[in-house]
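In this note's numbering, the protein residues as written are 1287 to 1525.
For each residue, glycine too, the CB sits at the ideal point set by N, CA and C.
Computed from a predicted model, the values in this text were never measured in an experiment.
First the structure, in the form of structure tokens, and then the observations on it.
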Amino acid sequence: MAPNPTAGDGGSAHAAATVPVVAVDGPAASGKGTIAEGVAAVLRFHRLDSGALYRLVAWRALESATPLDDAPALAALARLDARFDADRVTAGGHDVTAALRGEDVSAAASRVAVHPAVRAALTERQRAFRRPPGLVADGRDMGTVIFPDARLKVFVTASPAERAARRHKQLIAKGISVTLESLLREIEARDARDAGRSAAPLAAAPDAVTLDTTGVAPAASIAAVLELCRARGIEPARE
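Okay, here's the thing in structure tokens:
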């Protein structure tokens, strides 16, 4: 992520609009985060992991015992200060990066994200990441809502079974015992929640390129997106 952006960063709206954006959207465990990270590294662009913002709100809600159905209170939590430096997140002077990756926080983030008030509170904060030389943004509504003028929009998908298997591997590596069946049910429930919400439902933008990563190695998926970037005239920033 870019260092601690705020709504006023990046100059005028016109100047920001000239900064190229690669929007990478898709459901949970589709591989969009890995792809965005790899593409941003090659292009030497800033990166926005929009999910981290929703996980931050969810973490604050859990820490403060704020009900996950209290939209006004959650929107207020979304406006609290935090710093994003590279892949580290600091809130209240404490590094909360690891805490944001907890399973309880991830599950709560999906519930927090359904509230239009929360999404509205985070909109300008996300757009402020758009700064020279460019931005690779991943999430669920980067190409449809946050950056509708993105130079390239990619919608990353994979079969639910593949996504459950990826998540299972990640959790086992962390020493967390969980069954594939339960993960598959969780992923299917989250897909339904993301696609059915009233605000910015998960969907591919009409002008997005769909990339199915089922059975595809991350390096090959990253290379495919970089080829799309070259076709759109998006070149690596000069060092």
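Coarse secondary structure for residue i, derived from DSSP in three states
| i | result |
| --- | --- |
| K1460 | coil |
| L1329 | helix |
| A1436 | coil |
| R1518 | coil |
| D1373 | coil |
| V1343 | helix |
| D1311 | strand |
| D1557 | With the chain covering 1287 to 1525 only, the question about residue 1557 has no answer from this structure. |
| R1423 | For clarity, residue 1423 is Ala in the given sequence; the question names Arg instead. A1423: strand per DSSP, three-state reduction. |
| T1409 | helix |
| A1354 | Here the sequence assigns Leu to residue 1354, which means Ala is not the residue at that position. If DSSP states are grouped into helix, strand and coil, L1354 belongs with coil. |
| L1512 | helix |
| D1381 | strand |
Whole-angstrom distance between residue j and residue i, CA atom to CA atom
| i | j | result |
| --- | --- | --- |
| G1482 | R1405 | 15 Å |
| R1452 | L1339 | 23 Å |
| D1356 | E1349 | 15 Å |
| Q1269 | L1334 | The requested residue 1269 is not part of the displayed model; the chain covers only 1287 to 1525. |
| E1525 | A1395 | 36 Å |
| R1471 | G1319 | 21 Å |
| R1417 | F1331 | 9 Å |
| A1243 | P1434 | With the chain covering only 1287 through 1525, there is no way to say anything about residue 1243. |
| D1493 | A1485 | 20 Å |
| A1506 | A1359 | 42 Å |
| G1420 | A1403 | 28 Å |
| L1469 | E1410 | 33 Å |
Residue i classed as buried or exposed, judged by whether at least 16 other C-beta atoms fall within 10 angstroms
| i | result |
| --- | --- |
| T1465 | exposed |
| D1390 | exposed |
| I1432 | buried |
| I1458 | exposed |
| H1454 | buried |
| D1427 | buried |
Beta carbon of residue i nearer than 7 Å to that of residue j
| i | j | result |
| --- | --- | --- |
| V1422 | V1308 | yes |
| R1397 | L1354 | yes |
| A1491 | G1429 | yes |
| I1280 | A1314 | Outside the shown range of the chain (1287 to 1525) lies residue 1280, about which nothing can therefore be said. |
| I1321 | I1508 | yes |
Next item on the list: Report yes or no: do three or more beta-carbon pairs, one from the segment 1329–1348 and one from the segment 1357–1373, lie closer than 8 Å?
Entry: yes
Check: Pairing CB atoms from the segment 1499–1510 with CB atoms from the segment 1432–1444, are three or more of them under 8 Å?
Finding: yes
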